[in-house]
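Going by the numbering used here, the letters in the sequence shown line up with residues 74 to 618, in that order.
C-beta: ideal position from N, C-alpha, C; glycine also.
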Amino acid sequence: MASCPAADCQYLLNPGSNVSIPALQPNPDVSGIGVLVGFVGTAYATFILLLAYYLLGLHLQDSTYDNPIDAGIIKWIWRGHSPELDEKWTDAVQKAILMLSDQQIVTGIAILVAGYTQLRCGISSYHWQTIISLAWFSSFTHLTTLTVLRTYLHQFQAVRISRVILMLTVAVMLAVALMPTGSGYWFDILSKNENELGVSVAGVPAVCFFNTLRLHNYPKAFDQGFSMLVSLFLIVFGYSVRCIQLFDKSSSLATRSLRTLPGDWWKRRVLEKALRYVPTNRVYATFGRSNMALSLYILVKAVADLLESILWEILWLAFVLAWGTVRLISTRQSISGSDKEVVLVESFWGFGQIVPVLLLGLPVLGLAEIGYETWLEKKHVQSQPATPVAASPTGVNVPLMPLPVVSTSHSNANERVHDPNLSIAARYNGDFYQYEWFRALLVLMVMFVLMIAIRYLYQLAASAPTYNYKEVLSVLGMQFMYLISMLPLLVIVSLSLQDFPLLWFRSSEPGIDYNPKQQKIYLRIWVCLVFALLLCITIWTLWFT
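In structure tokens form, the structure reads like this:
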């Protein structure tokens, strides 16, 4: 069996010695252009398929899924025009997502195993950083697919257990791979500037950084340590949440403990205060304890619904893909001097680089085959005899279809919410999603998150390749504090300011009772004005401070 020479780590163990650093050698199997395109392309293909699954409203066909945010978005997108895709097409798309999910977890394990097998043979720290980025792509893309596949995995215990084992394998391997990135010299492999000793360390074997973890006098820096800790936290948190969601008992227990029981207790306290007290002073009615408690409950409910929605999973995956792309591009662009020849060699389109790109067509072919089989099954069903009908007493044939259920709670809730004689807390004892101000609150929350994420990526790209997290955090710290302080204020303002157009409308027509339909128009205009004002303030705060 062929063996490789042991890596020489004397340079990092004894920085003052005259040991020369090995030059960076090309490794197309890890960071070749075709390998990168294959990994990144598969991740983005999975994202596009998940986005199509969401926008077509296929997740709404799952009877166990009832997130109101996702349902409202799909209803708003299609405006009453259903995409008319039956369960067969839903199953076809889910099979395609399952295929890509399996591919993501297998490729993630493959790239990590390839890196660990080359670790003792002296794989460079530059290529180790590339392995971490590619494994990050695969692991978090796979985690996002589990949200769509949750119901499917609940039905097959063996598949679920095997997937959990693979997930834990990837999590442990990726967490261990991240450990040397907390080194004080690690970011020097991504920097165009040489380190404090005047030499580039991009070619230093990655195993040397593992060996220095036990040294107490080894330099550590805030940027490297913060990046490593945040990455480890995201891995532990992300994989823990997905493992809990894959099992019915653990998922139900977590939902009941973290949301149902605290929410029920909070609602009882709020409603008791609202029923005991009918305010006579408008200012105290607006900023009283019961309304402040109600505002906090509404905010927590909105945040919880957003975090449980597929929309949040899509946004999170988009952020992870963008972040990983920035890291990959900046890592390749950071190589300078004589090491640039390595990038040129790894950018050559040889056989080993063309094959991974061609393999991108396998998911497309698989999806086409699944779609074709589904189309044939649907065509076969349509060729069968029509659905039997039942004869009515009048002699007219009536199709055997269930009658729609008509609910009257919506109109009753509207009459209650537009009655200014009630306290604010007493009006909103119902579904918040039917009110314009609550939907505007959700839209503003999503825009807050998007703007902060975009600003973070912008700052990260601007500080690349050294990633000065101190500078990034200093910019985003004030904006994050603005976010967590603005949202509670936004809720109480949304609740209270509705009284002003209501009272103005009543005073303009003395002797005439309030008209819910006309007051609804005034409320909608008022909410739009408040929303536009807060949005302008937010944009100015996030981008010009």
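Check each candidate in 526, 127, 377 and 339 and name the one with the smallest Cα separation from residue 396. Comparing Cα positions, the closest option is 526.
Given this structure, state the Cα-to-Cα distance separating residue 144 from residue 381, to the nearest angstrom. Cα to Cα, the separation comes out at about 12 Å.
Proximal residues to residue 223 (C-beta, below 8 Å), its chain only, five neighbours per side dropped: Take residue 223, set aside five residues on each side of it, and the residues of its chain with a beta-carbon closer than 8 Å to its own are 318 and 319, in chain order.
So, with DSSP's three-state summary, where would you put residue 323? DSSP, reduced to helix, strand and coil, places residue 323 within a helical segment of the structure shown.
Assign residue 429 to one of three DSSP states: helix, strand, or coil. Looking at residue 429 - three-state DSSP - the assignment turns out to be helix.
Where the alpha helix (DSSP H) containing residue 106 begins and where it ends: Residue 106 -> alpha helix (DSSP H) spans 106-128.
Measuring straight from C-alpha to C-alpha, what distance separates residue 142 and residue 512? Taking the straight line from one Cα to the other gives about 9 Å.
Determine the direct distance from the alpha carbon of residue 437 to that of residue 444, and round the result to whole angstroms. Spanning the two alpha carbons is a distance of roughly 10 Å.
Using 10 angstroms around the beta-carbon of residue 150, count the other beta-carbons present and answer buried if the total reaches 16, otherwise exposed. Exposed, by the Cβ-count rule.
Within 8 Å, do at least three Cβ pairs link the segment 415-433 to the segment 103-110? The segment 103-110 is in contact with the segment 415-433.
Runs of alpha helix (DSSP H) lying entirely within the segment 388-427, each at least 4 residues, in chain order: DSSP runs (the alpha helix (DSSP H)) wholly in the segment 388-427: 413-419.
Backbone CA spacing between residue 187 and residue 308 [nearest angstrom]: For the pair residue 187 and residue 308, the Cα-to-Cα distance works out to about 20 Å.
Beta carbon of residue 242, beta carbon of residue 301: below 7 Å? It is not a contact, given that the beta carbons lie outside the stated cut-off.
State the CB to CB distance for the pair residue 198 and residue 120, rounded to an integer number of angstroms; the pair is presumed to be in contact (CB under 8 Å). The C-beta distance from residue 198 to residue 120 rounds to 29 Å, too long to meet the 8 Å contact threshold.
Starting from the Cα of residue 219, find the closest Cα among 208, 509 and 313 and give me that residue. Comparing Cα-Cα distances from residue 219 to each of 208, 509 and 313, the minimum goes to 313.
Straight-line CA distance for residue 122 to residue 170? One C-alpha to the other measures close to 7 Å.
By the 10 Å Cβ neighbour count, where 16 or more other Cβ atoms means buried, how is residue 96 classified, buried or exposed? Answer is exposed; the Cβ neighbour count stays below 16.
Go ahead and pull the three-state DSSP assignment for residue 436. Of the three classes helix, strand and coil, the one that applies to residue 436 here is helix, per DSSP.
Between residue 205 and residue 250, which are expected to be in contact by the criterion C-beta below 8 Å, what is the C-beta distance as a whole number of angstroms? Cβ atoms of residue 205 and residue 250 come within 8 Å of each other, at about 5 Å.
Where the alpha helix (DSSP H) containing residue 284 begins and where it ends: 279-284 is the extent of the alpha helix (DSSP H) around residue 284.
Between the beta-carbon of residue 383 and the beta-carbon of residue 117, is there less than 7 Å? Not in contact: residue 383 and residue 117 (Cβ atoms no closer than 7 Å).
Closest by C-alpha distance to residue 524, when choosing among 134, 163 and 392: Nearest C-alpha to residue 524: 392.
Could you check whether residue 404 and residue 98 sit closer than 7 Å to each other, using their CB atoms as the reference points? The Cβ atoms of residue 98 and residue 404 do not sit closer than 7 Å to each other.
Rounding to the nearest angstrom, what Cα-Cα distance links residue 449 and residue 388 in this structure? Rounded to whole angstroms, residue 449 to residue 388 spans 35 Å at the Cα level.
Please classify residue 207: is it buried, with 16 or more other beta-carbons within 10 angstroms of its beta-carbon, or exposed? The residue is buried, with at least 16 neighbouring Cβ atoms inside 10 Å.
Bounding residues of the alpha helix (DSSP H) (the contiguous stretch that carries residue 216): From DSSP, the alpha helix (DSSP H) with residue 216 extends over 198-228.
Whole angstroms are fine: how far does the CA of residue 172 sit from the CA of residue 462? Residue placement at residue 462 is poorly supported in this model, since its pLDDT is 45, which falls under 50; the coordinates still yield a value, given next. Taking the straight line from one Cα to the other gives about 40 Å.
Straight-line Cα distance separating residue 139 from residue 418: Looking at the two C-alpha atoms, the distance is approximately 52 Å.
Would you mind stating whether residue 394 and residue 385 have Cβ atoms separated by less than 7 Å? With contacts defined by Cβ atoms closer than 7 Å, residue 394 and residue 385 do not form a contacting pair.
Ignore the nearest five residues each way along the sequence and tell me which others in residue 213's own chain have a CB closer than 6 Å to its CB. Once the five neighbours on either side are set aside, the close Cβ partners of residue 213 are 393.
Do residue 210 and residue 112 come within 7 Å of each other at the CB atom, strictly closer than that value? One thing to note: residue 112 has its Cβ within 7 Å of the Cβ of residue 210.
Select from 406, 377 and 342 the residue whose C-alpha is nearest the C-alpha of residue 327. For residue 327, the nearest C-alpha among the options comes from 377.
Find the nearest neighbour of residue 532 within the set 182, 429, 400 and 413, judged by alpha-carbon distance. Selection 182, 429, 400 and 413 evaluated against residue 532 yields 400 as nearest (Cα-Cα).
Can you tell me which of 168, 183 and 200 puts its alpha carbon nearest to the alpha carbon of residue 101? Taking only the C-alpha atoms, the option nearest residue 101 is 200.
Checking contacts by CB at 7 Å: is residue 95 closer than that to chain D? Absent from the structure is chain D; it holds one protein chain and no more.
Our contact map puts residue 191 next to residue 115 with C-beta atoms below 8 Å; I'd like the distance itself, whole angstroms only. In fact, because the Cβ distance is near 22 Å, the residues do not count as touching under 8 Å.
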